[in-house]
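Asker:
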Amino acid sequence: MLFYAFECGGEGGKRYTASAICACRREDNDVTLAYLQSLASTWLSHLLFVFKANGSHKLQINATPSTIATPTLEDTAGRMEVGATENRIDRFKTALLKRDGYRCVATGKIDVDHPGPLSPQEEEETIGTVGCHILRRAIAVFDRNKTYLSALSTFDILRHYASMPMMTIEDIASIIDDPSNGMTLRGDAHKGFDNFAWSLRKVDNIPNTYNIIVHRPRGLGLGSVPTRRSDITFQDFSARYTEASSPPRKKQRNTRSGDAGDEVQRREQGIALPNPLFIRIHSAIAGVLHMSGAGEEIDAAIRRAGGGGAPGAVLVGDDFETLHLWESVRSMQQLAVN
Numbered sequence: 002m003l004f005y006a007f008e009c010g011g012e013g014g015k016r017y018t019a020s021a022i023c024a025c026r027r028e029d030n031d032v033t034l035a036y037l038q039s040l041a042s043t044w045l046s047h048l049l050f051v052f053k054a055n056g057s058h059k060l061q062i063n064a065t066p067s068t069i070a071t072p073t074l075e076d077t078a079g080r081m082e083v084g085a086t087e088n089r090i091d092r093f094k095t096a097l098l099k100r101d102g103y104r105c106v107a108t109g110k111i112d113v114d115h116p117g118p119l120s121p122q123e124e125e126e127t128i129g130t131v132g133c134h135i136l137r138r139a140i141a142v143f144d145r146n147k148t149y150l151s152a153l154s155t156f157d158i159l160r161h162y163a164s165m166p167m168m169t170i171e172d173i174a175s176i177i178d179d180p181s182n183g184m185t186l187r188g189d190a191h192k193g194f195d196n197f198a199w200s201l202r203k204v205d206n207i208p209n210t211y212n213i214i215v216h217r218p219r220g221l222g223l224g225s226v227p228t229r230r231s232d233i234t235f236q237d238f239s240a241r242y243t244e245a246s247s248p249p250r251k252k253q254r255n256t257r258s259g260d261a262g263d264e265v266q267r268r269e270q271g272i273a274l275p276n277p278l279f280i281r282i283h284s285a286i287a288g289v290l291h292m293s294g295a296g297e298e299i300d301a302a303i304r305r306a307g308g309g310g311a312p313g314a315v316l317v318g319d320d321f322e323t324l325h326l327w328e329s330v331r332s333m334q335q336l337a338v339n
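What follows is the structure, encoded as structure tokens:
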């Protein structure tokens, strides 16, 4: 967590992570270890696990988050009232297709719904694409009864680790389906991104350009090595296409976090490019999952629970008791301390 803290949230993220670790120190080493395990468990269950597992807050495994990890939980609770609906919004994909020029941004492949004209070869090579959420949509889906504490804990951690502005947290129900939280990808590339097999890292001094970082070679969905792209530059191509089917574009709040002079624009006309804050969060979580080995432990736990076979399989909190997943949790706690 500490290694990626600056990349994710700058000085604020690094200070939060280091302070949380130092706050666990006690004169008794056993007590110190207990505090560290509680901190690691909260980071694991309410950040890493929530982002990695399908089902999000329905799966959270720690009902009592560490107060060290969530230092402003009550204040966050006073500002985060409404979660996103469980139903996806169709216009999310429509907006992304227009902005991204009806192409997978990672491979350049043309979407089958491209309005044309296309050459015969381009017609044959069209593919199906999906609208990929950079921050998984499920993290913003919660209700006041069963999943509210989990959501509060997740966003209170992000508030400090990622230096996420409160206005973003307050508006998360609408922001989660905004084009600034998405990109167009072919299906297998989307799966690879969702599984944190690859992520994006900002290229300094080049507007809206990100290097593709490979964390795990299997299941990338990015094509063969000789032809694979090494970077992605986001552009808004929506002006090329008709306005008739465009979703209404309302003026967005500025959700940037300390990116002085950042080139990403929130325009009243056109479609917003991906928010660098969301890309940094995804990148940092991918890095922590793979550096610590927690990603493999989470995948193994989900497979044993029967959640790795069918798409969309959702577990509930009770499954961690009945399927004896606490051994994996304890193992992941030790990894997460790092």
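Just so you know, we're using this note's numbering here: the sequence shown kicks off at 2 and counts up by one. C-beta: ideal position from N, C-alpha, C; glycine also. Since this is a predicted model, take the numbers as computed values, not measurements.
Kindly indicate which residue of Arg-305, Arg-229, Ser-239 and Ala-198 has the alpha-carbon position closest to the one of Gly-294.
Answerer: Here the question's residue 294 lines up with position 293 in the sequence shown. The candidate whose alpha carbon is nearest that of Gly-294 is Ala-198.
Asker: Where are the beta strand (DSSP E) runs, 3 residues long or more, that stay fully inside the region 149-195, in chain order?
Answerer: Entirely contained in the region 149-195, the beta strand (DSSP E) runs reaching 3 residues are, in chain order, 183-187.
Asker: Measure the beta-carbon distance from Leu-49 to Leu-290 and round it to whole angstroms, keeping in mind my assumption that it falls under 8 angstroms.
Answerer: Working through the sequence shown from its first residue, we reach residue 49 at position 48. Working through the sequence shown from its first residue, we reach residue 290 at position 289. Correct: roughly 6 angstroms between the Cβ atoms.
Asker: What's the call for Gly-117, buried or exposed, on a 16-neighbour Cβ count within 10 Å?
Answerer: The residue labelled residue 117 in the question sits at position 116 within the sequence shown. Exposed: under 16 other Cβ atoms inside 10 Å.
Asker: State yes or no: is the C-beta of Ile-345 within less than 9 angstroms of the C-beta of Ile-173?
Answerer: Missing from the structure shown is residue 345; the chain here goes from 2 to 339 and no further.
Asker: Roughly how many angstroms lie between the CA atoms of Phe-93 and Met-184, to the nearest whole one?
Answerer: Sequence index remark: in the sequence shown, residue 93 carries index 92 (1-based). Sequence index remark: in the sequence shown, residue 184 carries index 183 (1-based). Approximately 10 angstroms, taken between the alpha carbons.
Asker: Using DSSP's beta-bridge definition, name the partner residues of Trp-199.
Answerer: Stepping through the sequence shown from its first residue, residue 199 is reached at position 198. Trp-199 pairs with Val-215.
Asker: Is the CB-CB distance between Ile-303 and Ala-54 below 9 angstroms?
Answerer: Within the sequence shown, numbered from 1, the residue matching residue 303 stands at position 302. Within the sequence shown, numbered from 1, the residue matching residue 54 stands at position 53. Yes, these two residues count as a Cβ contact at 9 angstroms.
Asker: Express the C-alpha separation of Leu-34 and Thr-68 in angstroms, rounding to a whole number.
Answerer: To locate residue 68, count along the sequence shown from 1; it is residue 67. To locate residue 34, count along the sequence shown from 1; it is residue 33. Cα to Cα, the separation comes out at about 16 angstroms.
Asker: On the DSSP bridge assignment, give the partners of Val-131 in chain order.
Answerer: Locating residue 131 in the sequence shown gives position 130, counting from the first residue. According to DSSP, Val-131 bridges with Leu-186.
Asker: Ordered along the chain, which non-local residues of its own chain (more than five positions away) have a Cβ less than 7 angstroms from that of Cys-25?
Answerer: Taking the first residue of the sequence shown as position 1, residue 25 is located at position 24. Correct list, in chain order: Thr-33, Tyr-36, Leu-37, Leu-40 and Ile-69.
Asker: Take the Cβ of Val-106 as the centre, count every other Cβ of all protein chains shown within 10 Å, and call the residue buried at 16 or more, exposed below.
Answerer: Locating residue 106 in the sequence shown gives position 105, counting from the first residue. Looking at its Cβ environment, which holds 16 or more other Cβ atoms inside 10 Å, Val-106 is buried.
Asker: Going by the beta-carbon positions, is the gap between Arg-241 and Gly-102 smaller than 9 angstroms?
Answerer: If you number the sequence shown from 1, residue 241 lands on position 240. If you number the sequence shown from 1, residue 102 lands on position 101. Yes, they are a contact pair.
Asker: Between Ile-158 and His-47, is the Cβ-Cβ spacing less than 9 angstroms?
Answerer: By 1-based counting over the sequence shown, the position of residue 158 is 157. By 1-based counting over the sequence shown, the position of residue 47 is 46. Yes, these two residues count as a Cβ contact at 9 angstroms.
Asker: Check for me: the beta strand (DSSP E) holding Thr-234 runs from which residue to which?
Answerer: Translated into positions along the sequence shown, residue 234 becomes position 233. Looking at the DSSP string, the run of the beta strand (DSSP E) that includes Thr-234 is 232-234.
Asker: Distance check for Gly-224 and Ile-22, CA to CA, integer angstroms please.
Answerer: On the sequence shown, residue 22 is found 21 positions in, with the first residue counted as 1. On the sequence shown, residue 224 is found 223 positions in, with the first residue counted as 1. So the alpha carbons of these two residues sit roughly 40 angstroms apart.
Asker: Have a look at Ala-190, Ile-111 and Ile-233 and flag the residue whose alpha-carbon is nearest the alpha-carbon of Gly-220.
Answerer: Residue numbering aside, residue 220 sits at position 219 when the sequence shown is read from its first letter. Selected option, being the one with the closest Cα: Ala-190.
Asker: Suppose the cutoff is 6 angstroms on Cβ atoms and the five residues either side in sequence are ignored; what does the same chain contact list for Val-215 look like?
Answerer: By 1-based counting over the sequence shown, the position of residue 215 is 214. Once the five neighbours on either side are set aside, the close Cβ partners of Val-215 are Trp-199.
Asker: Run through DSSP, which three-state label would Thr-210 get?
Answerer: On the sequence shown, position 209 is the one that residue 210 refers to. Reduced to three states, the DSSP call for Thr-210 is strand.
Asker: CB-CB under 7 angstroms to Tyr-5, same chain, minus the five flanking residues each way: which ones, in chain order?
Answerer: Your numbering for residue 5 matches position 4 in the sequence shown. Taken in chain order, the residues that qualify are Ala-285, Gly-288 and Val-289.
Asker: To the nearest angstrom, how far is it from the Cα of Phe-52 to the Cα of Arg-137?
Answerer: To locate residue 52, count along the sequence shown from 1; it is residue 51. To locate residue 137, count along the sequence shown from 1; it is residue 136. So the two alpha carbons sit approximately 7 angstroms from each other.
Asker: How would you write the range of the alpha helix (DSSP H) that Leu-98 sits in, first residue to last?
Answerer: One-based indexing of the sequence shown puts residue 98 at position 97. First-last of the alpha helix (DSSP H) with Leu-98: 91-100.
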